[in-house]
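Residue numbers (the numbering used here), protein chains in the order written: chain A, 1 to 341; chain B, 342 to 682; chain C, 683 to 1023; chain D, 1024 to 1364.
Below you can see the structure in the form of structure tokens.
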């Protein structure tokens, strides 16, 4: 069996394990104030071109989203996002658990656009009973989205303009940030993301780390006392060094982007094969997630040798599925899959 | 100016004020354990045909909804409701404030049906990553709905069957219960409501009381320690007697239903006049709320002499509005409005 | 039986009922934006000498405390108060229900002092692991306290200095404010309270209203969007006029203070009688609550004719009890009680 | 510099790193349902003698405590614990963040006893206004405590009896469980803990793992849907295998207890040296934490070569400090410290 269920099926990139081994007996203070974390912070600020950003390391994505969002909102505010957004669909209501409504907007291929956001904000503020309606206090988007799609630079700039007009922060969930930025269809850089987002995170878990997400806070008002929020939400790792070591490794010699680029190359290979064989796609993802629509017959046949995720029924005899590539995927694995299609 | 903004524009039915006057100097214990409350409980149980129900009195609807819902759900559960449901649209996220997601289903004229509920429940439970998705733990419907429409007896029975199958309680928000039950289109009684709902409330605020909602709990597991929940949610009135006196008055000599019937009669009068003059309706409400679609010109003209609520833009030159009748509405007021149409 | 359990045993001061009667058929918009509320706001601002304050009316004390406190705190902040504080001891964890820790300080006779507050704040901020400790974000005190005691003007000024130094708002719970301000031992006025507190509330429920608490917000940062918080916490009364009418009545012709002064006079009468008969007191309350220590024998004997609250066991044969006077207490009732002592 | 700040200063026990290396390229499903986790579950059940227990792996202690506690409590319930309990003192109000009050009891050397718990429970339930008071719904104790002290078997049995009488679950925080169980003063085994606790956790972070806590649930009612709670609280690690691998390693060949025993031996060595040199102790910890009282002079002198935590001022010229030993502490390090004392 070769598994393509997700991009977190294996341990971690070997370079990370090597560094953990090398540093294992060093004594460091806990909770993310050690030298490894500071070193990782310095590299990330350099890469992002944001010398004044605050960088925090958390363990996982759900925790990161709930912490960032709940720390930014007033009690009566909610967070706008696409209906397919991870916080709306796949985090067991972690945001609501902190007391805030997720205000879902119907997206297209996982994306929402500036005018939808404008409409949502103006509708709430212009409603005669506006105080009876949750006030949007933040915009959450994923880059790339949960369907592997990406925003263009212009789309992000337009979205940011609306956020700025209404004075709400833009939060970008970058659980798979590298896959987006190294996609052949991408027209922006991590410096662009860092310049546009008020706060975003760089995902480690799905890009070669054992675990870990690096939150980059640009907006001044979101920086204050953020470590209290991390601790209260259970995201402050005692051995915080583990996060520093991993991110320092990923952002040394461009490793983070190399990993992603290779996963994208293999996804493209698979995608091209699928298309040439006449398969339709659920969404036009240009990143490491591939969403072909299979006949039930074909799906069953493939399932004997390959692991992949069922994504949703299309009709009585077809289902959309997801194949993910990652740092650990090999040409051999993809070739086997292509051969079986 | 004659106002039709809502059904809570005046003080209260004169009979209630009279009883408050008569009992004003009686000394009673606080927090709803006094004789007036017990008397009201006895009458309501009698009227509902539910001798074993627990009856609690709270002050307002938002508070009642949040208290009932949060006391019934596990932390990881959410409440299903129509997108137009009051808890989803007009309570500033009070349910989410208690930590629970509102799981909105697209309704029709404010109503949802049994198969939608079945689909939502089976989809969540059958999802391979079901633990990452909020589990529906209760169904909330409004009777009548926020658009004044009502469910038939069969529709409610079908909905209840699905709830029973999945073992989730059915909660009926009866903020305007009397208007529904005395509608000419209604095919059920308060005894039917009480037999179908696991928990429901009888609205006082919008039906002639100064304020107050009576929660009727049938399901055994929802009864335990409910008074703690009321207190914690700020709904336990110190002078609880005020609620007992009001509900005892409303449920003596059928006053609650007489009030509603008369309001419905006046709404019908208005509705018939509107229709005979060719106005379209936003929704076919058979209760005390009337939702005609007006040209902007007409709306502006009427606004000089009458108060009514804008409900939503229909197109560039038309808007849907709401007129409400209540215990205090008179034939003269409705006749004036009809004359101006 | 004559009941002295609390100061909310009867309906309301007759003047209020009269006004409710007179205004019953007036049509007003809901939710506290009507003319009666605005009139009450104007009078209260005048009385308090705070023309720039925001005034909001809520239904009950628990709800008011939770709303004010949760709207002022960041998620990781808690509220300092005395262990005997109402929010710590008698509100079923309503503050914690909104996500915030109550940071209780051991008081004396219900009061805490400036140096305790200073110590708590400096201890948290100086702790090497300060981010692991809840940050105090507000100070809550009751005036008068739950034991009927009152702060001197100097004590309040000292407390406020500490709050200002650490930049946390001072919130005064005035559920029984009038009883404190008209006590013979009081050396301050409502204008002093209004000048010292960042936010406070004027209690109606325990001082002659049917219900209702008037929140006075002085601090600019606490004013923004407060109505959203009221709505979300279930405290926004649909027929908000009821609160406006009641507070306008109470603050016309000094009624609020007259009620309290008379209740204090009767409490003094009882207190003097108790002392002259040799009873000890649990606390030296100079307001409308009286806390004598009775032998179990005496308590049982009195309980045959009078209602009063058990406050706590003192030893094997004695218990502290509470007698309350109110707007409705008469000289005859107190004389009967004194005769029975 | 040699650091004794805590027991989580280094990476992890080398055996764990070796296993991570060996398994790095295996493909496993995420979220803790992989074979490594199942293997670890089987070993832990065997070691604990609880074949019917549910075992879950979470990342850190604060998260584990908040998840276990909030999943067990009704909204109006709180959790009893010692004032020094980690949840009360060092988790930034994470429990309150989930809506529940921590009901702190004054302990002695970090411990509370059965009669205190009985008193707290009977006081709340017997209070005439019991619904206005948070209901204790769980008891939390730490074994060993935050001061390194341990309960005897009889003490735990007595505590459990009270919990059973009032039908509240007993939760034991075993962040340092091994250090307690291998203490020379300990009279019980992990099987005893598992037989007494309704739910407890076995700490990994402070006992040689990179991170991780293993929750053992015995009580049937606490088992249902627990994975939803983990996910919602951000504790479900995507690469759950990392937790399975670590705990399987720690519980193979008794490694978990060997690590702890050695740390205790070194702590005893230090303790004996301190005592023989006449130092007083803040608490009589028989585990891996040592709390001597140092003169400020001595503390300053030691701080030049050793890292340790200030625990609290004793008087004007003395402070209590904490030295921790761990799996990584060596005889050489302790000997250096002893020489410097």
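No residue lacks a Cβ here, since even glycine has one placed at the ideal position from N, Cα and C.
From a predicted model like this one, the values you see are computed outputs, not experimental measurements.
With 16 other Cβ atoms within 10 Å as the buried cut-off, status of residue 363 of chain B: Numbered from its first residue, the second chain carries residue 363 of chain B at position 22. Counting Cβ neighbours within 10 Å, residue 363 of chain B comes out exposed, since fewer than 16 surround it.
Residue-level contact to chain C via CB, residue 313 of chain B, 8 Å cutoff: Within the shown structure, residues of chain B are numbered from 342 to 682, placing residue 313 of chain B beyond reach of any answer.
Supposed contact pair residue 175 of chain A and residue 203 of chain A - C-beta distance, whole angstroms, cut 8 Å: On the first chain, residue 203 of chain A is found 203 positions in, with the first residue counted as 1. On the first chain, residue 175 of chain A is found 175 positions in, with the first residue counted as 1. Correct: roughly 4 Å between the Cβ atoms.
Close Cβ partners of residue 1025 of chain D (< 8 Å) along its chain, the five nearest in sequence each way excluded: One-based indexing of the fourth chain puts residue 1025 of chain D at position 2. Result list for residue 1025 of chain D: 1328, 1329, 1330, 1356, 1359 and 1360, in chain order.
Nearest-angstrom Cα separation, counted from residue 1286 of chain D out to residue 1352 of chain D: As a working mapping, residue 1352 of chain D is identified with position 329 in the fourth chain. As a working mapping, residue 1286 of chain D is identified with position 263 in the fourth chain. C-alpha separation (whole angstroms): 7 Å.
Continuous alpha helix (DSSP H) stretch holding residue 891 of chain C: start and end: Taking the third chain and counting its residues from 1, one reaches residue 891 of chain C at position 209. Per DSSP, residue 891 of chain C belongs to no alpha helix (DSSP H) and is neither H nor E.
According to DSSP, residues forming a beta bridge with residue 719 of chain C: The residue given as residue 719 of chain C occupies position 37 in the third chain. Note: residue 719 of chain C sits in no beta bridge, so no partner.
Distance cut-off 7 Å: residue 1134 of chain D Cβ against heavy atoms of the ligand MN: Among the components of this structure there are no ligands whatsoever, and the ligand MN is therefore not found.
Rounded Cβ spacing between residue 30 of chain A and residue 239 of chain A (contact assumed at less than 8 Å): By 1-based counting over the first chain, the position of residue 30 of chain A is 30. By 1-based counting over the first chain, the position of residue 239 of chain A is 239. Going by Cβ atoms, the distance from residue 30 of chain A to residue 239 of chain A rounds to 6 Å, so yes, they are a contact pair.
Closer than 8 Å to chain A by CB, residue 716 of chain C: As a working mapping, residue 716 of chain C is identified with position 34 in the third chain. Residue 716 of chain C does not count as touching chain A.
Residues that residue 917 of chain C contacts on chain B, provided the C-beta gap is smaller than 7 Å: The residue labelled residue 917 of chain C in the question sits at position 235 within the third chain. The answer, in chain order, is 575.
Residue-level contact to chain A via CB, residue 466 of chain B, 8 Å cutoff: Taking the second chain and counting its residues from 1, the one referred to as residue 466 of chain B is at position 125. No, no contact with chain A.
Rounded Cβ spacing between residue 653 of chain B and residue 661 of chain B (contact assumed at less than 8 Å): Working through the second chain from its first residue, we reach residue 653 of chain B at position 312. Working through the second chain from its first residue, we reach residue 661 of chain B at position 320. Confirmed, Cβ separation roughly 5 Å.
Within chain B, the residues that residue 779 of chain C reaches when beta carbons sit closer than 7 Å: Translated into the one-based positions of the third chain, residue 779 of chain C becomes position 97. Simply 573.
Ordered list of beta strand (DSSP E) runs contained in the region 766-806 of chain C, each at least 3 residues: 784-787
Meets three-Cβ-pair contact criterion under 8 Å: the region 126-136 of chain A and the region 76-90 of chain A: yes
Cut-off 6 Å between Cβ atoms - residues of its own chain near residue 690 of chain C, not counting five sequence neighbours on either side: As a first step, residue 690 of chain C must be located in the third chain, where it is residue number 8. Counting only Cβ-Cβ distances below 6 Å, and skipping sequence neighbours, we find 887 and 888.
Residues of its chain near residue 404 of chain B, where Cβ-Cβ distance is below 7 Å and the 5 sequence neighbours each way are ignored: Sequence index remark: in the second chain, residue 404 of chain B carries index 63 (1-based). Contacts found: 574, 575 and 576.
C-beta neighbour in chain B for residue 800 of chain C, strict 8 Å: As a working note, residue 800 of chain C is residue 118 in the third chain. Closer than 8 Å: no.
Contacting residues, own chain, Cβ-Cβ under 6 Å from residue 19 of chain A (five flanking each side not counted): Numbered from its first residue, the first chain carries residue 19 of chain A at position 19. Around residue 19 of chain A: 245 and 249.
Beta-ladder partner(s) of residue 195 of chain A, from DSSP: Translated into positions along the first chain, residue 195 of chain A becomes position 195. Answer is none; residue 195 of chain A lacks a bridge partner.
Run of the beta strand (DSSP E) containing residue 360 of chain B, from where it starts to where it stops: For the purposes of this step, residue 360 of chain B is taken as the residue at position 19 of the second chain. Segment 355-364 is the alpha helix (DSSP H) holding residue 360 of chain B; no beta strand (DSSP E) there.
Listed by chain order, chain A residues near residue 417 of chain B by CB distance under 7 Å: Taking the second chain and counting its residues from 1, one reaches residue 417 of chain B at position 76. Chain A residues near residue 417 of chain B: 92 and 93.
Alpha-carbon spacing of residue 1078 of chain D relative to residue 1319 of chain D, whole angstroms: As a working mapping, residue 1078 of chain D is identified with position 55 in the fourth chain. As a working mapping, residue 1319 of chain D is identified with position 296 in the fourth chain. Between residue 1078 of chain D and residue 1319 of chain D, the C-alpha separation is close to 46 Å.
8 Å Cβ cutoff met for residue 50 of chain A and residue 215 of chain A: Taking the first chain and counting its residues from 1, the one referred to as residue 50 of chain A is at position 50. Taking the first chain and counting its residues from 1, the one referred to as residue 215 of chain A is at position 215. No, they are not a contact pair.
Amino acids of chain D, ordered along the chain, whose beta-carbon sits closer than 9 Å to that of residue 26 of chain A: Here residue 26 of chain A refers to the residue found at position 26 when the first chain is read from its first residue. What residue 26 of chain A touches in chain D: 1032, 1033 and 1034.
Residue 799 of chain C to residue 177 of chain A span [Cα, whole Å]: On the third chain, residue 799 of chain C is found 117 positions in, with the first residue counted as 1. On the first chain, residue 177 of chain A is found 177 positions in, with the first residue counted as 1. Those two C-alpha atoms are separated by around 46 Å.
Cβ of residue 132 of chain A within 8 Å of any chain C Cβ: To locate residue 132 of chain A, count along the first chain from 1; it is residue 132. By this cut-off, residue 132 of chain A is an interface position.
Status (buried if at least 16 other CB within 10 Å, exposed otherwise) for residue 213 of chain A: Reading the first chain from its first residue, position 213 is the one you call residue 213 of chain A. With 16 or more other Cβ atoms within 10 Å, it is buried.
Outcome for residue 326 of chain A when other beta-carbon atoms lying within 10 angstroms are tallied against a minimum of 16: Taking the first residue of the first chain as 1, we reach residue 326 of chain A at position 326. By the neighbour-count rule (16 or more Cβ atoms within 10 Å), residue 326 of chain A is buried.
Interface residues of chain C facing residue 135 of chain A [CB-CB closer than 9 Å]: Here residue 135 of chain A refers to the residue found at position 135 when the first chain is read from its first residue. Ordered by position in chain C, the residues that pass the 9 Å Cβ test against residue 135 of chain A are 907 and 910.
Residues sharing a beta bridge with residue 1177 of chain D, DSSP: Position 154 of the fourth chain, counting from 1, holds the residue named residue 1177 of chain D. According to DSSP, residue 1177 of chain D bridges with nothing at all.
Residue 551 of chain B to residue 352 of chain B span [Cα, whole Å]: Looking up residue 551 of chain B in the second chain gives position 210. Looking up residue 352 of chain B in the second chain gives position 11. Using only the alpha carbons, I get a separation of about 6 Å.
Exposed unless 16 or more other CB atoms sit within 10 angstroms - verdict on residue 707 of chain C: Indexing the third chain from 1 puts residue 707 of chain C at position 25. That one is exposed.
First and last residue of the uninterrupted alpha helix (DSSP H) at residue 1324 of chain D: For the purposes of this step, residue 1324 of chain D is taken as the residue at position 301 of the fourth chain. Where residue 1324 of chain D is concerned, the enclosing alpha helix (DSSP H) stretches over 1319-1326.
Unbroken alpha helix (DSSP H) run spanning residue 271 of chain A, endpoints: For the purposes of this step, residue 271 of chain A is identified with residue 271 of the first chain, where counting begins at 1. That run of the alpha helix (DSSP H) goes 255-276.
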